[in-house]
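Participant:
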Amino acid sequence: MNERTDHEMLDEVAVYALGALPPADANRVRAHIASCPECREEYNRLRSTASLVGLSAETIGDARFCPSTLLKPRIMREIAKQSAPARDSGPKMWPAYLVAAACLAIAIVSSMANISLSAQNRQMQTELSRSADASKKLAQSLSQTRITIADLLSSDAKHYDLEGGQIVTRGSHLYIAMHSLPQPPRGKVYQAWTLAKGAKKVAPSDTFVPDSNGVAVVPLPVDPRTMAAVAISVEPEGGSKQPTTKPIAVVPLT
Amino acid sequence: MRAFEALYDTHHRIVYGVALRILGDAHGAEDVLQTVFLKLWNSPELFRGGNFGAWIVRVTRNRSLDVLRSRATRNEGEFPEILPEEETLEDVAFSHLDAERVRAALADLPAEQREPIELGFFAGITHEEIARRCNIPLGTIKTRIRSGLRRLREALDQPVIA
Numbered sequence: 001m002n003e004r005t006d007h008e009m010l011d012e013v014a015v016y017a018l019g020a021l022p023p024a025d026a027n028r029v030r031a032h033i034a035s036c037p038e039c040r041e042e043y044n045r046l047r048s049t050a051s052l053v054g055l056s057a058e059t060i061g062d063a064r065f066c067p068s069t070l071l072k073p074r075i076m077r078e079i080a081k082q083s084a085p086a087r088d089s090g091p092k093m094w095p096a097y098l099v100a101a102a103c104l105a106i107a108i109v110s111s112m113a114n115i116s117l118s119a120q121n122r123q124m125q126t127e128l129s130r131s132a133d134a135s136k137k138l139a140q141s142l143s144q145t146r147i148t149i150a151d152l153l154s155s156d157a158k159h160y161d162l163e164g165g166q167i168v169t170r171g172s173h174l175y176i177a178m179h180s181l182p183q184p185p186r187g188k189v190y191q192a193w194t195l196a197k198g199a200k201k202v203a204p205s206d207t208f209v210p211d212s213n214g215v216a217v218v219p220l221p222v223d224p225r226t227m228a229a230v231a232i233s234v235e236p237e238g239g240s241k242q243p244t245t246k247p248i249a250v251v252p253l254t
Numbered sequence: 001m002r003a004f005e006a007l008y009d010t011h012h013r014i015v016y017g018v019a020l021r022i023l024g025d026a027h028g029a030e031d032v033l034q035t036v037f038l039k040l041w042n043s044p045e046l047f048r049g050g051n052f053g054a055w056i057v058r059v060t061r062n063r064s065l066d067v068l069r070s071r072a073t074r075n076e077g078e079f080p081e082i083l084p085e086e087e088t089l090e091d092v093a094f095s096h097l098d099a100e101r102v103r104a105a106l107a108d109l110p111a112e113q114r115e116p117i118e119l120g121f122f123a124g125i126t127h128e129e130i131a132r133r134c135n136i137p138l139g140t141i142k143t144r145i146r147s148g149l150r151r152l153r154e155a156l157d158q159p160v161i162a
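As you go down the protein sequences, you meet chains A and B in turn.
If you count the first sequence from 1, position 228 lands on 228 in this note's numbering, and the numbers rise without skipping.
If you count the second sequence from 1, position 121 lands on 121 in this note's numbering, and the numbers rise without skipping.
Dropping the structure here:
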């Protein structure tokens, strides 16, 4: 590819990323991207930027630009109606709890990225994309994300409800999966605690905070098969060696 | 169902906002909002990881353009909704941004770059039609779209100064 052609193709890649190429041109650029690392990299960069243009249209505050408050109940009624025959139609349809788990997984995916990546910092993200070593870490993080989603969607996962979320276990994996957890007070974080079977004292585990939507998914580095309970408390940043406040949740794994 | 409601509460404004901007009428935007969430409920497997917000924006844009297409014969480009895995890494950035910051970054772009980008995204027209509307050569439009997207990305990559 000579320089002139290269430049023109990168421009077309940008238009494709915006979604403004007619189908025939889009097919041609798509095929090129599949075989050209430089254009693929440019496409990956610009496609997410193009999606951000859509974010500028989010409607907040002004009631004139918000959907009717009647719409949500209407959608939920429709969903309930569609779900009803699903329970009776055999293996083709998902069981209700699996659908719920899928929705939870979908809701938490972006916060998974927050926990695993942005818990470091944005500069780290830039560096990650540039170095092979960092790419490996990123791949591991994605791998963990996919394992988590697979666990949460699995029909043999166990779900233990708590206010604002669930504890989910599957095999040797254990997760705190919150969908509506309030932000902790300034200077505080949530900390997980685990109680091993036969133990009298809890052991400190990971600290975490929910994202701005109250969503947090935290894989805990313990085997739930050897655990009797999981607890969550509010602790100072950096965590504590033993709980300093009354736990907001204590969940027996029985 | 509770988790799905949480999902709706978190994302319905962006879905409605994109649909409203593209279609220009509240009734159509509400129809798209309902279609998108019912589709998500019935086919959650369509989402294959990456950033959910970025994905649902693409789905909403495509559904909105479908509606426009049904109203008139058009020739729009579409985002792929199911993405190769490696692309999802870039979407991480999406979760750090809010609408106000994106609007500010867009507003900072020169009009000659901002207008073709917004036309391409929200009007759903091809670069050829953008060039005709702006009365600018096609090659120039393509370059401006690329320059604008790169500049937008650089602006949004900057850390927020509190």
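Note that the Cβ used here is the ideal one computed from N, Cα and C, for glycine as well.
Count Cβ pairs between the stretch 39–58 of chain A and the stretch 55–64 of chain B that sit closer than 8 Å; are there 3 or more?
Facilitator: yes
Participant: Taking only three categories from DSSP, how would you classify Thr35/B?
Facilitator: If you number the second sequence from 1, residue 35/B lands on position 35. In the structure shown, Thr35/B sits in a helix (DSSP, three-state: H, G or I).
Participant: Alpha carbon to alpha carbon, how far is Glu118/B from Pro22/A?
Facilitator: For the purposes of this step, residue 118/B is taken as residue 118 along the second sequence, with counting starting at 1. For the purposes of this step, residue 22/A is taken as residue 22 along the first sequence, with counting starting at 1. Answer to the nearest angstrom: the Cα atoms are 17 Å apart.
Participant: Is it buried or exposed, Thr143/B, if we count other Cβ atoms within 10 angstroms and call 16 or more buried?
Facilitator: On the second sequence, position 143 is the one that residue 143/B refers to. So Thr143/B counts as buried.
Participant: Taking the continuous beta strand (DSSP E) assigned at Glu38/A, which residues delimit it?
Facilitator: Working through the first sequence from its first residue, we reach residue 38/A at position 38. Judged by DSSP secondary structure, Glu38/A falls outside any beta strand (DSSP E) and instead within the alpha helix (DSSP H) spanning Pro37 to Leu55.
Participant: Quick check on the DSSP output: the beta strand (DSSP E) that includes Asp66/B runs from which residue to which?
Facilitator: Working through the second sequence from its first residue, we reach residue 66/B at position 66. Run containing Asp66/B: none in the beta strand (DSSP E); it sits in the alpha helix (DSSP H), Phe52 to Arg71.
Participant: What did DSSP end up calling Phe208/A once you bin it into helix, strand or coil?
Facilitator: Translated into positions along the first sequence, residue 208/A becomes position 208. Phe208/A: strand per DSSP, three-state reduction.
Participant: Give the secondary structure of Val15/A by DSSP, where H, G and I count as helix, E and B as strand, and everything else as coil.
Facilitator: Start at 1 with the first residue of the first sequence, and residue 15/A comes out as number 15. The DSSP-derived three-state label of Val15/A is helix.
Participant: Which residues mark the beginning and the end of the alpha helix (DSSP H) in which Glu235/A is found?
Facilitator: The sequence position of residue 235/A within the first sequence is 235, counting from 1. No alpha helix (DSSP H) contains Glu235/A, which is instead part of the beta strand (DSSP E) from Met227 to Pro236.
Participant: Find the residues of chain A that neighbour Glu234/B, judging by a C-beta separation of less than 9 Å, and give them in chain order.
Facilitator: It is not possible to answer for residue 234/B, since the shown part of chain B is limited to 1 through 162.
Participant: DSSP state of Leu40/B, grouped into three classes?
Facilitator: In the second sequence, the residue the question calls residue 40/B occupies position 40. It is helical.
Participant: Gln191/A lies in the beta strand (DSSP E); which residues open and close that run?
Facilitator: For the purposes of this step, residue 191/A is identified with residue 191 of the first sequence, where counting begins at 1. Lys188 to Ala196 is the extent of the beta strand (DSSP E) around Gln191/A.
Participant: Going by DSSP, what residue range makes up the alpha helix (DSSP H) through Lys158/A?
Facilitator: For the purposes of this step, residue 158/A is identified with residue 158 of the first sequence, where counting begins at 1. First-last for Lys158/A: Lys158 to Leu162, but that is the beta strand (DSSP E), not the alpha helix (DSSP H).
Participant: In three-state DSSP terms, what is Val222/A?
Facilitator: For the purposes of this step, residue 222/A is taken as the residue at position 222 of the first sequence. Assignment of Val222/A by DSSP, reduced to helix, strand and coil, places it in the coil class.
Participant: Which residue comes first and which comes last in the alpha helix (DSSP H) that contains His173/A?
Facilitator: Against the first sequence, residue 173/A aligns to sequence position 173. From DSSP, His173/A is part of no alpha helix (DSSP H) but of the beta strand (DSSP E) over His173 to Met178.
Participant: Mind reading off the beta-carbon distance from Leu33/B to Tyr16/B? Whole number of angstroms is fine, and I expect it under 8 Å.
Facilitator: On the second sequence, position 33 is the one that residue 33/B refers to. On the second sequence, position 16 is the one that residue 16/B refers to. So it is a contact: roughly 5 Å between Cβ atoms.
Participant: Between Thr140/B and Ala20/A, is the Cβ-Cβ spacing less than 8 Å?
Facilitator: Taking the first residue of the second sequence as 1, we reach residue 140/B at position 140. Taking the first residue of the first sequence as 1, we reach residue 20/A at position 20. Result no, Cβ atoms of Thr140/B and Ala20/A do not sit closer than 8 Å.
Participant: Going by Cα to Cα distance, which pick from Val168/A, Pro184/A and His179/A is closest to Val230/A?
Facilitator: Working through the first sequence from its first residue, we reach residue 230/A at position 230. For the residues Val168/A, Pro184/A and His179/A, the minimum Cα distance to Val230/A belongs to Val168/A.
Participant: Alpha carbon to alpha carbon, what distance is there between Asp25/B and Thr194/A?
Facilitator: Here residue 194/A is taken as the residue at index 194 of the first sequence, counted from 1. Here residue 25/B is taken as the residue at index 25 of the second sequence, counted from 1. Approximately 52 Å between the Cα atoms of the pair.
Participant: Which residues does DSSP pair with Pro252/A in a beta bridge?
Facilitator: Residue mapping note: residue 252/A aligns to position 252 of the first sequence, counting from 1. In the DSSP output, where bridge partners are listed per residue, Pro252/A has Ala229/A.
Participant: Which residue comes first and which comes last in the alpha helix (DSSP H) that contains Ile130/B?
Facilitator: As a working note, residue 130/B is residue 130 in the second sequence. Taken as a continuous stretch (DSSP letters only), the alpha helix (DSSP H) holding Ile130/B covers His127 to Cys134.
Participant: Name, going along the chain, the residues of the stretch 168–183 of chain A whose beta-carbon falls closer than 7 Å to a beta-carbon of chain B.
Facilitator: Listed in sequence order: His179 and Ser180.
Participant: From the DSSP output, in three-state form, read off Gln158/B for me.
Facilitator: The residue you call residue 158/B lines up with position 158 of the second sequence. Under the three-state reduction of DSSP, Gln158/B is assigned to coil, being neither helix nor strand.
Participant: Which bits of chain B does Pro73/A rub up against, with CB to CB less than 9 Å?
Facilitator: As a first step, residue 73/A must be located in the first sequence, where it is residue number 73. Those do not exist, as Pro73/A stays about 10 Å from chain B at its closest Cβ, beyond 9 Å.
Participant: Give a yes or no on whether the minimum CB-CB distance between Ala162/B and chain A is below 8 Å.
Facilitator: In the second sequence, the residue the question calls residue 162/B occupies position 162. Legend: pLDDT at Ala162/B = 40, less than 50; position of this residue unreliable, value from coordinates given subsequently. No, no contact with chain A.
Participant: Would the stretch 107–115 of chain B and the stretch 146–153 of chain B be scored as touching if the rule is three or more Cβ pairs under 8 Å?
Facilitator: yes
Participant: Please name the residue in Pro137/B, Leu138/B, Arg153/B and Ser43/B whose C-alpha comes closest to that of Gln82/A.
Facilitator: Here residue 82/A refers to the residue found at position 82 of the first sequence. Of Pro137/B, Leu138/B, Arg153/B and Ser43/B, the residue nearest in Cα terms is Ser43/B.
Participant: Roughly how many whole angstroms lie between the Cα atoms of Arg40/A and Lys241/A?
Facilitator: One-based indexing of the first sequence puts residue 40/A at position 40. One-based indexing of the first sequence puts residue 241/A at position 241. Straight-line Cα distance between these residues: approximately 47 Å.
Participant: How many angstroms separate the CA atom of Pro185/A from the CA atom of Arg77/A?
Facilitator: As a working mapping, residue 185/A is identified with position 185 in the first sequence. As a working mapping, residue 77/A is identified with position 77 in the first sequence. C-alpha separation (whole angstroms): 37 Å.
Participant: Taking Cβ positions only, does Leu106/B come closer than 8 Å to chain A?
Facilitator: Mapped onto the second sequence, residue 106/B falls at position 106. So, interface residue.
Participant: For Asp108/B, tell me which candidate among Arg63/B, Ala123/B and Glu154/B has the shortest Cα-Cα distance.
Facilitator: Taking the first residue of the second sequence as 1, we reach residue 108/B at position 108. Of the candidates Arg63/B, Ala123/B and Glu154/B, the one whose C-alpha sits nearest the C-alpha of Asp108/B is Glu154/B.
Participant: For the stretch 16–42 of chain B, which residues have a CB atom closer than 9 Å to at least one CB atom of chain A, in sequence order?
Facilitator: Cβ contacts with chain A come from Tyr16, Gly17, Val18, Ala19, Leu20, Arg21, Ile22, Ala26, Ala29, Glu30, Leu33, Gln34, Phe37, Leu38, Leu40, Trp41 and Asn42.
Participant: Rounded to whole angstroms, how far is the Cβ of Met227/A from the Cβ of Lys200/A, which I believe are closer than 8 Å?
Facilitator: Residue 227/A sits at position 227 when you count from the first residue of the first sequence. Residue 200/A sits at position 200 when you count from the first residue of the first sequence. About 14 Å; that fails the 8 Å criterion.
Participant: What are the residues in the stretch 11–24 of chain A lying within 9 Å of chain B by C-beta distance?
Facilitator: Asp11, Glu12, Val13, Ala14, Val15, Tyr16, Ala17, Leu18, Gly19, Ala20, Leu21, Pro22 and Pro23
Participant: Going by DSSP, what residues sit across from Ile167/A in a beta bridge?
Facilitator: Mapped onto the first sequence, residue 167/A falls at position 167. Bridge partners of Ile167/A: Tyr160/A and Ile176/A.
Participant: Please confirm if Arg45/A has its CB atom under 8 Å from at least one CB of chain B.
Facilitator: Mapped onto the first sequence, residue 45/A falls at position 45. So yes, Arg45/A belongs to the interface.
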